[in-house]
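Chains as they are written, first to last, in the working numbering: chain A, 58 to 318; chain B, 139 to 442.
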């Protein structure tokens, strides 16, 4: 694996025990078709930010669902050592009959936070995503970016050390996405989260991740891996990000071209 | 762009600069949808209240015109004023109130029973795919069967009794309630259930906090239709099942009008049946539905 642009920042990972350890994971949905996920090995260290990159159909969302415990793999092991992971989707998936705070409070309730503490805790989490004082708003009164931040606050409310994100910013406009990238990196470093971030946007992967994994489609395999040794915060338009994104894009294109026939 | 790697700073918002905060707050202000201003009372009156009033006035004028031209003999087509006079008499001697209270209490009880049975049936059909495949077509089919068709059967089974009337009401309203509940469940986006699972809610927790509230709009629509069907079925049953033991509800009063050939009483009864049915929909169901839909940012179709 050719590690590219070196910018002197050490990769932040110290502990021995992985947050997630995936070994030889296989997922088959239809017996006569290639497996959706084929012999996936993946270790995510505590506090590590990993981006999974791939074209449609590479099984990256399936992999996240499996880590989140929403399904069982055909074979292989998934070991999550940090308790129940939080998962964010491309849609905010907020409950529309609840207020912003109500959505966060439901997660607190599911975690067993007492009714008395829920209000203040929800407000604290909303202020973490820069939505202080907006808790009483209904979902339909929020912009797409605000909804996704409420979803982020709800994920944080789970108090999990592992945050799984399934193309969470894909439906947002570029300016909002940029703001949320910054927000996410700030929270990641403050809260010492491990993040597994699925995207098909190469620049986004390089902008955010410490490690970028490229997946092939049908069968879904991890075919290549890059350490991103650029310091955070990094701008998505910075030369370092561009250069590495260009390199990764070539490999992604080559992967996709294999399917042409 | 600072060069240092972010250290694991304490979890505070202090690390967010004022610039960033202002930028994000600006984005939020620009992008958050602005609700359209609520129309003032004057506008509401002109837009929503006035048109039906004008329609009623035109209708009454045409009716009066038809009466004045003698297009039908006056026993067959009384004037609006005659009908109003008859209605006034039934109000004064208490017949109208008695009929309303008998019919409305029957309707309410029958509807309540339909809600219980229909909800149970809907839940069972939602739980069991087999049951739904087996009963689904019949439940849907029953919705298009006019419930008056059940009246003769109900009278043969239960005699001229309240039981016969309630049987007809239930057969009329239960399918709507059950189908409404199923439609509500079907509309729940699967993603929301996933959210419940990710949050770690138990099965019961997911049903109570996610599934039921998500299905509420469809269920409410079913209840509203169920009420309309209850009321209709009740009138059909009262019209046919006539016996001193049953008292005189609105349907029976209508039937008395027919037997006496008193068209003014017939029209007054029809108008009263219409007004009571609509009033209950407007006073009970419309506000609940409006609240539920507005909280979710959905607009109420045909706002009143």
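Beta carbons are placed, not taken as given, at the ideal position from N, Cα and C, and that holds for glycine.
{"Asked": "Neighbour flag for residue 190 of chain B against chain D, beta carbons, 8 Å", "Found": "No chain D is present in this structure, whose protein chains are A and B."}
{"Asked": "Residue range of the unbroken alpha helix (DSSP H) whose run includes residue 411 of chain B", "Found": "401-418"}
{"Asked": "C-alpha distance - residue 226 of chain B paired with residue 219 of chain B, whole-angstrom precision", "Found": "10 Å"}
{"Asked": "Contact list for residue 341 of chain B against chain A, beta-carbon separation under 9 Å", "Found": "Here the premise fails: no neighbours, minimum Cβ distance about 13 Å."}
{"Asked": "Contacts of residue 433 of chain B in chain A (Cβ-Cβ under 7 Å)", "Found": "154, 195"}
{"Asked": "Where the alpha helix (DSSP H) through residue 181 of chain A begins and ends", "Found": "172-185"}
{"Asked": "Close-in-space but distant-in-sequence residues of the same chain around residue 308 of chain B (CB under 7 Å, 5 per side omitted)", "Found": "248, 251, 252, 255"}
{"Asked": "Interface positions of the stretch 84-105 of chain A facing chain B (Cβ-Cβ less than 7 Å), listed along the chain", "Found": "none"}
{"Asked": "Cβ pair count under 8 Å reaching 3, the stretch 142-151 of chain A against the stretch 204-219 of chain A", "Found": "yes"}
{"Asked": "Short CB-CB distance (under 8 Å) between residue 210 of chain A and chain B", "Found": "no"}
{"Asked": "Inside the stretch 343-389 of chain B only - alpha helix (DSSP H) runs reaching at least 4 residues", "Found": "350-378"}
{"Asked": "According to DSSP, residues forming a beta bridge with residue 351 of chain A", "Found": "Only positions 58 to 318 of chain A appear in this structure, which leaves residue 351 of chain A out of reach."}
{"Asked": "Cβ neighbours of residue 184 of chain A in the same chain (closer than 6 Å, five flanking residues each side left out)", "Found": "none"}
{"Asked": "Segment contact flag, the stretch 320-340 of chain B with the stretch 261-273 of chain B, C-beta cutoff 8 Å, min 3 pairs", "Found": "yes"}
{"Asked": "Burial state of residue 210 of chain B (16 or more Cβ within 10 Å)", "Found": "exposed"}
{"Asked": "Every unbroken alpha helix (DSSP H) within the stretch 205-258 of chain B, with a cutoff of 4 residues, ordered by chain", "Found": "218-230"}
{"Asked": "Sequence-distant residues of its chain with Cβ nearer than 6 Å to residue 196 of chain A (five each side left out)", "Found": "151, 153"}
{"Asked": "Chain A residues whose Cβ lies nearer than 8 Å to that of residue 318 of chain B", "Found": "Near residue 318 of chain B there are no residues of chain A at all, since even the closest Cβ is about 17 Å away, more than 8 Å."}
{"Asked": "Own chain residues within Cβ distance below 8 Å of residue 426 of chain B, not counting five before or after", "Found": "358"}
{"Asked": "Residue 100 of chain A, DSSP secondary structure in three states", "Found": "strand"}
{"Asked": "Unbroken beta strand (DSSP E) run spanning residue 283 of chain A, endpoints", "Found": "279-284"}
{"Asked": "Residue environment, residue 76 of chain A, which counts as buried when at least 16 other CB atoms sit within 10 Å", "Found": "buried"}
{"Asked": "Residue 298 of chain A, DSSP secondary structure in three states", "Found": "helix"}
{"Asked": "Rounded straight-line distance, which links the Cα of residue 386 of chain B to that of residue 291 of chain B", "Found": "21 Å"}
{"Asked": "C-beta contact flag for residue 233 of chain A and residue 169 of chain B at 8 Å", "Found": "yes"}
{"Asked": "Euclidean distance between Cα positions of residue 161 of chain A and residue 217 of chain A", "Found": "14 Å"}
{"Asked": "Backbone secondary structure at residue 269 of chain A - three-state DSSP", "Found": "strand"}
{"Asked": "Reference residue 281 of chain A, options A:165, A:272, A:106, closest by Cα", "Found": "A:272"}
{"Asked": "Nonlocal neighbours in the same chain, by C-beta distance under 8 Å from residue 434 of chain B, ignoring five residues either side", "Found": "355"}
{"Asked": "Short Cβ contact (8 Å threshold) for residue 180 of chain A with residue 192 of chain A", "Found": "yes"}
{"Asked": "Span of the beta strand (DSSP E), counted from its first residue to its last, around residue 136 of chain A", "Found": "132-137"}
{"Asked": "Option in A:288, A:296, A:187, A:247 with minimal Cα separation from residue 161 of chain B", "Found": "A:187"}
{"Asked": "Test item: CB-CB of residue 296 of chain A and residue 242 of chain A under 8 Å", "Found": "no"}
{"Asked": "Proximal residues to residue 95 of chain A (C-beta, below 7 Å), its chain only, five neighbours per side dropped", "Found": "83, 276, 277, 278"}
{"Asked": "Supposed close pair residue 283 of chain A, residue 269 of chain A - CB separation, criterion 8 Å", "Found": "5 Å"}
{"Asked": "Interface flag, residue 129 of chain A vs chain B, CB-CB below 8 Å", "Found": "no"}
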